[in-house]
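Okay, so here's the structure we're looking at.
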Amino acid sequence: RCHGALDGSDAVNILRQRQREGLDVVRPLAEIPLPRAGLIRLPADSPPRSLGPMTRQLISSGAPWEPIVGYSRAVRVDRHVHVAGTAAIGADGAVVGRGDPRAQTIHILQIIQRALAEAGASLEHVVRTRVYVTDIGQWEAIGRAHGEFFEMYRPVTTMVQVAALIDPAMLIEIEADALLEVGSWRW
1 RCHGALDGSD AVNILRQRQR EGLDVVRPLA EIPLPRAGLI RLPADSPPRS
51 LGPMTRQLIS SGAPWEPIVG YSRAVRVDRH VHVAGTAAIG ADGAVVGRGD
101 PRAQTIHILQ IIQRALAEAG ASLEHVVRTR VYVTDIGQWE AIGRAHGEFF
151 EMYRPVTTMV QVAALIDPAM LIEIEADALL EVGSWRW
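Letter by letter, the sequence shown follows residues 1 to 187 of the numbering used here.
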């Protein structure tokens with residue numbers, strides 16, 4: 001055993017000892033009751049709602065699977081905006097730019113731009129993007145299209161190859177995180 005390493009029984013004994021001494025104890029996750037799934041259902045286009053000192057706004061793209069899967073295109077919590085993994089899907093539900101990584105990247109970033117605008121943000125507020133590609137050999141076309149949108153703002157970004165996306169015609173999926181400036185944002 002490594003010096004200083006604890007196994008599960010050591011940790012439990014330490015917690016019990018701290019309880020006997022009346023000290024604060026962090027409960028193991030397994031002991032914390034979790035709410036049942038589906039207790040609260042809000043429409044995807046629900047207005048911001050109070051969660052104590054923070055406010056949460058759900059933004060929907062209108063995709064039929066958002067309520068089924070239980071996700072939003074974007075979520076704004078106070079100054080933070082998180083845009084979900086976005087693929088090149090048109091209004092008709094079909095993949096846009098089949099076989100063209102550049103066209104798919106441009107379409108995806110336009111969708112992300114609209115979601116950001118609905119949250120009161122823009123591309124200049126994006127601080128991070130994550131790009132998932134099915135063929136890393138296409139990185140340059142994807143990267144150049146990404147650069148056309150972000151050349152002035154230059155967020156941190158990660159591009160990784162994945163085995164597959166939901167539809168084989170999807171070549172790219174992009175996530176974005178934005179941070180609004182203090183004092184310059186409103187609901």
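Glycine is no exception: its CB is placed at the ideal position from the N, C-alpha and C atoms.
Report task. Label I32 either buried or exposed according to how many other C-beta atoms from any shown protein chain fall within 10 Å of its C-beta, with 16 as the threshold for buried. Result -> Below a pLDDT of 50, predicted positions are generally treated as unreliable, and I32, at 40, falls in that range; the measurement from the model is reported next regardless. I32 comes out exposed.
Query raised in the report: Straight-line CA distance for V195 to M159?
Result: Examination of residue 195 is not possible in this model, given that the chain is present from 1 through 187 alone.
Query - Closest by C-alpha distance to A103, when choosing among R154, F149 and V182 - result: F149
**Report entry** Candidates T105, S61, R73 and I89: closest to I172 by CA position
**Finding:** T105
Query raised in the report: Could you give the distance in angstroms between the alpha-carbon of R36 and the alpha-carbon of I68?
Result: Its pLDDT being 47, under 50, R36 is placed unreliably in this model, and the coordinates cannot settle the point.
Query raised in the report: By the 10 Å Cβ neighbour count, where 16 or more other Cβ atoms means buried, how is I166 classified, buried or exposed?
Result: exposed
Query raised in the report: Using DSSP with H/G/I as helix, E/B as strand and the rest coil, what is T157?
Result: strand
Query raised in the report: With distances taken from CA atoms, which of R144, A141 and V126 is nearest V83?
Result: V126
**Report entry** Buried/exposed call for P101, threshold 16 Cβ in 10 Å
**Finding:** buried
Query raised in the report: Which residues in the same chain have their Cβ closer than 8 Å to the Cβ of Q113, if we skip the five residues on either side of it in sequence?
Result: S122, L123 and F149
Query - beta strand (DSSP E) segment containing Q57, residue limits - result: M54 to I59
Query - Length of the line joining the Cα atoms of E151 and Y71 - result: 30 Å
Query raised in the report: How is A115 classed by DSSP in three states: helix, strand or coil?
Result: helix
Query - E173 (DSSP reduced to helix, strand or coil) - result: strand
Query raised in the report: Run through DSSP, which three-state label would R98 get?
Result: coil
Query raised in the report: Who are the Cβ neighbours of R235 in its own chain at under 6 Å, not counting the five residues just before and after it?
Result: With the chain covering 1 to 187 only, the question about residue 235 has no answer from this structure.
Query raised in the report: Are the CB atoms of R73 and A115 nearer to each other than 8 Å?
Result: yes
Query raised in the report: What distance in whole Å lies between the Cβ atoms of R130 and E175, which are believed to be in contact at a cut-off of 8 Å?
Result: 4 Å
Query raised in the report: Excluding sequence positions up to five away, which residues of its chain have a Cβ less than 7 Å from the Cβ of M54?
Result: V77 and D78
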